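Residue numbers (the working numbering), protein chains in the order written: chain V, 85 to 282; chain G, 1027 to 1398; chain P, 419 to 622.
The beta-carbon is built from N, C-alpha and C at its ideal position, and this holds for glycine as well.
As the structure is a prediction and not an experimental result, all values here were calculated from the model.
Working notes for the structure below.
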Amino acid sequence: MNLAEGIRFVCTILLSVMMIGAALGVVLFENIVYSAFTLAGVFMSIAGLYILLNADFVSAAQVLVYVGAVNVLILFAIMLVNKREDFKPVPRRWVRKGSAALVCAGVFALLATMVVKTSWPTDLSLVPPVSAVELIGEHFFSDYLLPFEIASILLLMALVGAIVIARRESIVGEETALVGETPPPVLELPERPREPVA
Amino acid sequence: MNPGIDLQQRFVETLMGYGLSPGAAKAVWLPLPLLLMLIGATVGVLVAVWLERKISAAAQQRIGPEFIGPLGILAPVADGIKLVFKEDIVPANSDPWLFLLGPVIVVIPVFLSYLIVPFGQNLMITDLGIGIFLWIALSSIVPIGLLMSGYASNNKYALIGGLRAAAQSISYEIPLALAVLAVVMMSNSLSTVDIVNQQSGYGILGWNLWRQPAGLLLFWISALAECERMPFDLPEAEEEIVAGYQTEYAGMKFALFYLGSYVNLVLSALLVSVLYLGGWDFPIPLDLLAGLLHISPDNSVLQIVTGGLGIVMTLLKAYFFVFIAILLRWTVPRVRIDQLLDLGWKFLLPIGLVNLLMTAGLKLALPFAFGG
Amino acid sequence: MLKFLKQVGGYAKETLQSARYIGQGLSVTFDHMSRRPITVQYPYEKLIPSERFRGRIHFEFDKCISCEVCVRVCPINLPVVDWEFNKALKKKQLKHYSIDFGVCIFCANCVEYCPTNCLSVTEEYELSTFDRHELNYDNVAMGRLPYKVTEDPMVTPIREFAYLPEKVLAGHDAPSNVARAGQRPEEIVAATPKQQEEKETEAP
Chain V
85 MNLAEGIRFV CTILLSVMMI GAALGVVLFE NIVYSAFTLA GVFMSIAGLY ILLNADFVSA
145 AQVLVYVGAV NVLILFAIML VNKREDFKPV PRRWVRKGSA ALVCAGVFAL LATMVVKTSW
205 PTDLSLVPPV SAVELIGEHF FSDYLLPFEI ASILLLMALV GAIVIARRES IVGEETALVG
265 ETPPPVLELP ERPREPVA
Chain G
1027 MNPGIDLQQR FVETLMGYGL SPGAAKAVWL PLPLLLMLIG ATVGVLVAVW LERKISAAAQ
1087 QRIGPEFIGP LGILAPVADG IKLVFKEDIV PANSDPWLFL LGPVIVVIPV FLSYLIVPFG
1147 QNLMITDLGI GIFLWIALSS IVPIGLLMSG YASNNKYALI GGLRAAAQSI SYEIPLALAV
1207 LAVVMMSNSL STVDIVNQQS GYGILGWNLW RQPAGLLLFW ISALAECERM PFDLPEAEEE
1267 IVAGYQTEYA GMKFALFYLG SYVNLVLSAL LVSVLYLGGW DFPIPLDLLA GLLHISPDNS
1327 VLQIVTGGLG IVMTLLKAYF FVFIAILLRW TVPRVRIDQL LDLGWKFLLP IGLVNLLMTA
1387 GLKLALPFAF GG
Chain P
419 MLKFLKQVGG YAKETLQSAR YIGQGLSVTF DHMSRRPITV QYPYEKLIPS ERFRGRIHFE
479 FDKCISCEVC VRVCPINLPV VDWEFNKALK KKQLKHYSID FGVCIFCANC VEYCPTNCLS
539 VTEEYELSTF DRHELNYDNV AMGRLPYKVT EDPMVTPIRE FAYLPEKVLA GHDAPSNVAR
599 AGQRPEEIVA ATPKQQEEKE TEAP
């Protein structure tokens, strides 16, 4: 075993331990903020494993998308709400915990058997591509075009939906007034008067 | 193209000459560039801090640091020593682990990003295939550290500052990435070395500055916002939220934030010089000069001169942008949070998209000028 | 469509204008960088206080008639006048006088109203101490005269802007032997009686 292989071996073990530890932290921490931060640890260790597998672009994308966007947004949402609430101990909580653990163990066993049963075709003669970016781009625009476009349309829909929710211009109290009753004062969100779009 | 100096090979060969095995020689070499990068980045920060103080003083008709070393050049060192020896205070009811982890998470990605900054053909840590994309990915980790320190401080100003920093980083990363994307499209590569090589050959005329003027402005504005520099320093706005996420920090942990912000500024300036001003490229093509003087490109003196000149040119260009940032600091007042988000989403983002589209169109129409 | 284009055009125009303003601002900042620093290197250089400078108050014990006007005109009744009626002389005799300069606001009302001119303002302003009670000056401390900035061999005196010769803008550049622009007070005084004489000759 030479230097590079040794480093690789140690890094793999370290990253795996980190990932499993952080993942357990996500599930087991009582404080939701800790869970969110350890989630970032999970994503980072996955990115490290990608690097060890020579997938540097995927690794960077993992960091950018999952750590930089998804996790930051989760944290953002948690901190904007920021309700430090002590949960009341639910009676017979161990039943719920136990069942959750059982389900998790079942899924783990299923996946583990799948991993063991599958014969992973490893062709060591294959040289890793020099420029993974170009290959990924080619695949995106040829055989994976449909999933790619569908994903982008999904994101667009989410974007439009978010804008619609954020720019709510509803008038509260108009429909709820009964006949003969004085209608409650019309409440409007203070917003810019809407201009007709030309 | 001039291959330049290959320091690694020279070093390893020298060590092997002393009777070391190739593996051991390589192992000795491995930590050296990293160490050099750490020291270089720190010295770069010291210079930037000194420049900041001196230029700010000059812009306000003051003198600035004067007595600590010649022209006060040791003032930032004194600052650093003071911060190292200060008491480390952890506020009551805070979260000591997250409080410690926050500044560390802010600093590490910024230093890591120096991996991809080239000072010459072979004068960089690694020529990664993903190059500039690594920087964009790494800089997106920083807001997590800011949120962490803001949350752990047990201080509402710190929390607001952390939230603002995260919102700002997220919004300005998009125009930044779009500006970078236009450059990457022209050079057909994410690697910083390829980006510089694509600009070299015609001296100052070949730099991306002329092909991407809007991109340069876009990139610099977004980079200033990412660094939380003056017109966009809302996360640390003194008048509103004390010092934002840094409020509760003292001593070495504060020094990490301070260091991180200046390392980030110097890094952004270096990347502007790489992306838009031809990196280590001299304004007059050196090959042409060497040809005029009848010096062969294999001449070792020429190689050393080229390498040294490359480093000097990169630093000069970078510090020019640091200078602009400092000048802007004393010119432009701080924007409000709504103005900041308006500028990011309603101005820079559309311009970035249009810039990208036009670059693509020009690349198809004029492949000789815009990288076919 | 036309309206949209118009909007885009207006937007672009505004953008260019704001870019121009930022450029102008940058040029102003840049221009300031080449100007001479106005810094006065304090312990080594000091500004000469102006002739109406209201510094620490000077007190002459022998002139004081213990009338307590200074106490009455003081915004916070600060001066402490300790006197005793001397029956033999049928006069108030002053025993102690003190002002706490840690509380004084240096308005110099007491100086203005003192009927015997025993109070006066000096140009001393370096009143820092380790204990604020040390600022409570008694009549001995108030009787001391301050060092003049111009006579201190350790200090380079620098003239304030209003006391510079004509067309000199920085105190550091001013030659020490050239008088300031305009008339000096004694010149004004010297000029006044002449005018009065002229008036008197005109009057009858």
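Since G443/P meets chain G, which of its residues come closer than 7 Å, beta carbon to beta carbon?
T1357 and V1358
According to DSSP, simplified to helix, strand and coil, what is S436/P?
helix
Of all the residues that make up the region 1375-1392 of chain G, which are near chain P by a beta-carbon distance shorter than 7 Å?
none
Of the residues L1353/G, I1196/G, R1360/G and E1264/G, the one placed nearest G152/V, counting alpha carbons only:
I1196/G
M163/V touches chain G at which residues, Cβ-Cβ below 9 Å?
L1173, G1176, Y1177, L1185, G1188, L1189 and A1192
Assumed close pair E1180/G, S1120/G - CB separation to whole angstroms, cut-off 8 Å:
Going by the sequence as given, residue 1180/G is Asn instead of Glu. N1180/G to S1120/G, Cβ: 4 Å. Contact.
Does R453/P get closer than 7 Å to chain G when you measure Cβ to Cβ?
yes
Taking the Cβ atom as the reference point for each residue, do S588/P and R454/P lie within a distance shorter than 7 Å?
Residue identity differs from the one stated: residue 588/P is Ala in this sequence, not Ser. Taking 7 Å as the Cβ cut-off, A588/P and R454/P qualify as a contacting pair.
According to DSSP, is K424/P helix, strand or coil?
helix
Cutting at 7 Å between CB atoms, please list the residues of its own chain near C525/P, excluding the five before and the five after it.
P493
Between G1030/G and chain P, is any beta-carbon pair separated by less than 7 Å?
Reliability fails at G1030/G, whose pLDDT of 48 lies under 50, so the model's placement of it is uncertain and no value is given.
Mind checking which residues open and close the beta strand (DSSP E) that includes E218/V?
Not the beta strand (DSSP E): E218/V falls in the alpha helix (DSSP H), residues A216 to F225.
How would you call C528/P, buried or exposed, if buried means at least 16 neighbouring beta carbons within 10 angstroms?
buried
For L87/V, which option in L1243/G, V1331/G and G1049/G has the closest C-alpha, if you only look at C-alpha atoms?
G1049/G
Chain-ordered neighbours of H514/P on chain G, where CB pairs are closer than 9 Å
Going along chain G, no residue has its Cβ under 9 Å from H514/P, so there is no contact; the nearest lies around 45 Å.
Does DSSP classify W204/V as helix, strand or coil?
coil
Excluding the 5 residues flanking V1110/G on each side, which residues of the same chain have their C-beta closer than 8 Å to its C-beta?
G1277, M1278 and A1281
Hey, how far is the Cα of T457/P from the Cα of D500/P?
45 Å
From the DSSP secondary-structure annotation, give me the bridge partner or partners of P467/P.
Beta-bridge pairing links P467/P to no other residue.
Got a sec? Which residues, its chain only, sit under 7 Å from F232/V by beta carbon, not counting five neighbours each side?
F224
Contact residues within the region 121-140 of chain V, judged by C-beta distance below 9 Å to chain G
F121, A124, M128, A131 and D140
Residues of chain P with CB closer than 9 Å to the CB of R1088/G, please, in chain order.
P455, I456 and T457
Taking the Cβ atom as the reference point for each residue, do A1203/G and I1162/G lie within a distance shorter than 7 Å?
yes
CB-CB under 7 Å to R92/V, same chain, minus the five flanking residues each way: which ones, in chain order?
L136
Y1271/G versus Q1194/G - alpha carbon distance
13 Å
Compare the C-beta of T574/P against all C-beta atoms of chain G and say whether one is closer than 7 Å.
no
Which residues in the same chain as I1352/G place their Cβ atom closer than 7 Å to its Cβ, once the five residues preceding and following it in sequence are excluded?
L1077, E1078, I1081 and S1082
Can we say the region 1253-1262 of chain G touches the region 1349-1368 of chain G, given the rule of at least three CB pairs closer than 8 Å?
yes
Using the Cα positions of I1156/G and F141/V, report the straight-line distance between them to the nearest angstrom.
6 Å
Please state whether DSSP places I606/P in a helix, a strand or coil.
helix
Report the neighbours of P1169/G on chain V: residues whose CB is nearer than 7 Å to its CB, in chain order.
V156
Going by beta carbon distance, what residues of the same chain come within less than 7 Å of F519/P, once the five residues before and after it are set aside?
R474, L545, L553 and Y555
Please report the straight-line C-alpha distance between F1283/G and P1129/G, rounded to a whole angstrom.
6 Å
Using alpha carbons as the reference points, say which of I1094/G, P1261/G, I1089/G and G1106/G lies closest to L1173/G.
P1261/G
Under 7 Å between beta-carbons, which chain G residues line up against L148/V? List them in chain order, please.
I1162, A1163 and S1166
Beta-carbon of L1335/G versus every beta-carbon of chain P: anything under 7 Å?
no
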